[in-house]
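So the sequence lines, in the order shown, correspond to chains A and B. Here numbering that gives the first Met the number 0 is used: the first residue of the first sequence is 0, the next is one more, and so on. Here numbering that gives the first Met the number 0 is used: the first residue of the second sequence is 0, the next is one more, and so on. Heads up, the thing below is written out as structure tokens.
Protein chains: 2
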Amino acid sequence: MQSYTEENYLKTIYHLAESTTNVQTNAIAEQMQTKPASVTDMIKKLADKGLVDYIKYQGVTLTEIGKNTAIDIVRKHRLWEVFLVDKLNFKWDEVHDVAEELEHIRSVELIERLDEFLGFPKADPHGDPIPDKNGRFAKTQFIKLIELKVGDSGTITGVSQHSSAFLKHLEKLGLTLGKQIQISDVTDFDGSVEILLSDKQVNISREVAKHILISSNGKN
Amino acid sequence: MQSYTEENYLKTIYHLAESTTNVQTNAIAEQMQTKPASVTDMIKKLADKGLVDYIKYQGVTLTEIGKNTAIDIVRKHRLWEVFLVDKLNFKWDEVHDVAEELEHIRSVELIERLDEFLGFPKADPHGDPIPDKNGRFAKTQFIKLIELKVGDSGTITGVSQHSSAFLKHLEKLGLTLGKQIQISDVTDFDGSVEILLSDKQVNISREVAKHILISSNGKN
DNA sequence: AAAAATTTTTAGATTTACCTAAAAATAAAA
DNA sequence: TTTTATTTTTAGGTAAATCTAAAAATTTTT
Chain A
0 MQSYTEENYL
10 KTIYHLAEST
20 TNVQTNAIAE
30 QMQTKPASVT
40 DMIKKLADKG
50 LVDYIKYQGV
60 TLTEIGKNTA
70 IDIVRKHRLW
80 EVFLVDKLNF
90 KWDEVHDVAE
100 ELEHIRSVEL
110 IERLDEFLGF
120 PKADPHGDPI
130 PDKNGRFAKT
140 QFIKLIELKV
150 GDSGTITGVS
160 QHSSAFLKHL
170 EKLGLTLGKQ
180 IQISDVTDFD
190 GSVEILLSDK
200 QVNISREVAK
210 HILISSNGKN
Chain B
0 MQSYTEENYL
10 KTIYHLAEST
20 TNVQTNAIAE
30 QMQTKPASVT
40 DMIKKLADKG
50 LVDYIKYQGV
60 TLTEIGKNTA
70 IDIVRKHRLW
80 EVFLVDKLNF
90 KWDEVHDVAE
100 ELEHIRSVEL
110 IERLDEFLGF
120 PKADPHGDPI
130 PDKNGRFAKT
140 QFIKLIELKV
150 GDSGTITGVS
160 QHSSAFLKHL
170 EKLGLTLGKQ
180 IQISDVTDFD
190 GSVEILLSDK
200 QVNISREVAK
210 HILISSNGKN
């Protein structure tokens, strides 16, 4: 059994490991709003518990057990987000912080029943896949909107940024999950992208385009 | 903002204050499965924060703020219990421990929406009243089954013991909330009570009878 | 009202998760 | 390949919540 803090470290390492093999101390510290020295302390503890593999100065990787633990927390986080949106009518930009607390509630029974109550959802309100109770989930084949070329089209199926500010912005522009879009133009000057969204032209900054995930359904 | 631990102390003091004016150190320690020395430490802290009034060797009482905080935690606990039973099909003897964790989730919005989602319930699965968002709730006029006389009848509307063992036992005997009962006999020897429950005779020990709460609807 | 028993508090330690400041290792630049 | 910069670790310390053992206050009993 891990403390909330340990769980948060494991989750952070898990997410960081999606883009690098060896997760670095500083990256963890930045993500967790703490100091590198504190991270080193905790990493040692997690290593002692067999949840991470750790070589001094080389960063960490999750062990099998550590990874499963992290995935379980991610599962809980995402299921709670679905609950908040589907049942309690929260908006997708309001759920993150509460789910961040709820994910630590320890009851296998609770989560299994919640999963059932929600109808075994496959994705959370941001399009992220929800692992099943064995930790399995489909590797999603998303492409970042920024990587599409003029003429390409697809469906918005996810976002890679969960901040309220970002999500509210998307909402305002009408860029919500499930919407069909097509790239009409990419501005050389600032890299902003002009997209066609149900007969309407919408311009989004490069920064925004980086965090919208598309399931591509047709090349130019 | 209080720590989980502080919240648990406040809640415990609140419950103990239902039967005594000044809550004693040892009583808190016993209830919280900790040592009196730890209780003294925490009481000082709560007193510094203005949540309890404390005179050395004289026990504590909750201040207005402390009481409101405690009531809010009780509200959350009971709403979560309703959620677990009504929505996730937990049994009444399975909810206590999970609710004990859920009650600490800090989000006013979450609780208001949960309350609404559940249809603003007035009582939890054990018959305990749920305070509204202003902390108000009806003082319940329960009488302990043990205090009834032969011939008295009433409805089971609550229990004053939430342990799984006790609740499972009641379940087995058919003594659940809403059931009509009448006292047919009280045994001199061991104080056990013979009751009439929908044309069936059921015998319960004095210990059990102490923890069943009846809303009396007729004297002998 | 003294003696005995109980309750409560104090004093001093421990553990967890942090921190700062300085040292050590690694990586990047000259 | 040195020098410089960056990253990471170590050393030593703090605050929260706990503990044990002993002292102090209160209550009960004789």
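The beta-carbon is built from N, C-alpha and C at its ideal position, and this holds for glycine as well. None of the values given here were measured: they were computed from a predicted structure.
Proximal residues of chain A, C-beta to C-beta of Lys-86(B) below 7 Å: Residue mapping note: residue 86(B) aligns to position 87 of the second sequence, counting from 1. Contact annotation for Lys-86(B) against chain A: Phe-116 [CB-CB distance below 7 Å, chain order].
Coarse secondary structure for Asp-52(B), derived from DSSP in three states: Position 53 of the second sequence, counted from the start, is the residue given in the question as residue 52(B). In the three-state DSSP reduction, Asp-52(B) falls in the strand class (E or B).
Beta-ladder partner(s) of Val-185(B), from DSSP: In the second sequence, counting from the first residue as 1, residue 185(B) sits at position 186. Secondary-structure assignment with DSSP links Val-185(B) through a beta bridge to Val-192(B).
Exposure label - Val-192(B); buried when at least 16 CB within 10 Å: Reading the second sequence from its first residue, position 193 is the one you call residue 192(B). Answer is buried; the Cβ neighbour count reaches 16.
Proximal residues of chain B, C-beta to C-beta of Arg-74(A) below 7 Å: If you number the first sequence from 1, residue 74(A) lands on position 75. In chain order: nothing, as chain B lies at least about 16 Å away.
Under 8 Å between C-beta atoms of Gly-157(B) and Phe-141(B): Within the second sequence, residue 157(B) is the residue found at index 158, counting from 1. Within the second sequence, residue 141(B) is the residue found at index 142, counting from 1. Cβ atoms of Gly-157(B) and Phe-141(B): closer than 8 Å.
Test: Ile-64(A) CB closer than 8 Å to a CB of chain B: On the first sequence, position 65 is the one that residue 64(A) refers to. Proximity of Ile-64(A) to chain B, defined by a Cβ-Cβ separation below 8 Å, is not satisfied.
Segment contact, 8 Å Cβ cut-off, at least three pairs: the region 128-146 of chain A with the region 43-58 of chain A: In this structure the region 128-146 of chain A does not touch the region 43-58 of chain A; the number of beta carbon pairs closer than 8 Å is below three.
Completely contained alpha helix (DSSP H) runs for the region 51-95 of chain A, where each covers 4 or more residues: If only uninterrupted alpha helix (DSSP H) runs of at least 4 residues are considered, those enclosed by the region 51-95 of chain A are 63-81.
CB of Asp-151(A) within 8 Å of CB of Ser-106(A), strictly: Residue numbering aside, residue 151(A) sits at position 152 when the first sequence is read from its first letter. Residue numbering aside, residue 106(A) sits at position 107 when the first sequence is read from its first letter. Between Asp-151(A) and Ser-106(A), the C-beta spacing is not below 8 Å.
Buried or exposed (CB count within 10 angstroms, at least 16 for buried), Val-73(B): Here the question's residue 73(B) lines up with position 74 in the second sequence. Val-73(B) is buried by the Cβ-count criterion.
N- and C-terminal bounds of the beta strand (DSSP E) containing Asn-25(A): Here residue 25(A) refers to the residue found at position 26 of the first sequence. It is not in any beta strand (DSSP E) - Asn-25(A) instead sits in the alpha helix (DSSP H) that spans 24-30.
Residue-chain proximity (Arg-105(A), chain B), Cβ-Cβ < 8 Å: For the purposes of this step, residue 105(A) is identified with residue 106 of the first sequence, where counting begins at 1. Chain B, which has a Cβ nearer than 8 Å to the Cβ of Arg-105(A), makes this yes.
Burial state of Lys-218(A) (16 or more Cβ within 10 Å): By 1-based counting over the first sequence, the position of residue 218(A) is 219. For Lys-218(A), the predicted structure reports a pLDDT of 46, less than 50, and the residue's modelled location is therefore unreliable. A value from the coordinates is still provided. Its Cβ having fewer than 16 others within 10 Å, Lys-218(A) is exposed.
Under 9 Å from the C-beta of Lys-112(A): neighbouring residues of chain B: As a position in the first sequence, residue 112(A) is number 113, starting the count at 1. Before going further, note that residue 112(A) is Arg rather than Lys in the sequence given. For Arg-112(A), the chain B residues whose Cβ falls inside 9 Å of its Cβ are Leu-83, Lys-86, Leu-87, Asn-88, Phe-89, in order along the chain.
Cβ of Asn-219(B) within 8 Å of any chain A Cβ: Here residue 219(B) corresponds to residue number 220 of the second sequence, with the count starting at 1. Low local confidence applies: a pLDDT of 41 at Asn-219(B) is under 50, so the model's placement there is unreliable, and no value is given.
For Ala-208(A) and Tyr-13(A), the rounded distance between their alpha carbons: Within the first sequence, residue 13(A) is the residue found at index 14, counting from 1. Within the first sequence, residue 208(A) is the residue found at index 209, counting from 1. Distance between the alpha carbons of Tyr-13(A) and Ala-208(A): 24 Å.
Beta-bridge partners of Ile-203(A), as assigned by DSSP: Here the question's residue 203(A) lines up with position 204 in the first sequence. Beta-bridge pairing by DSSP links Ile-203(A) to Val-192(A).
Exposure of Val-51(A), with buried meaning 16 or more beta-carbon neighbours within 10 Å: Within the first sequence, numbered from 1, the residue matching residue 51(A) stands at position 52. When all chains shown are included, Val-51(A) counts as buried.
Chain A within 8 Å of Glu-170(B), Cβ atoms only: Against the second sequence, residue 170(B) aligns to sequence position 171. Residue-level contact check: Glu-170(B) does not touch chain A, since none of the beta carbons of chain A fall below 8 Å from its beta carbon.
Cβ separation of Pro-124(A) and Val-81(A), assumed to be a contact under 8 Å, to the nearest whole Å: Your numbering for residue 124(A) matches position 125 in the first sequence. Your numbering for residue 81(A) matches position 82 in the first sequence. Right, the Cβ-Cβ distance comes to about 7 Å (below 8 Å), so this counts as a contact.
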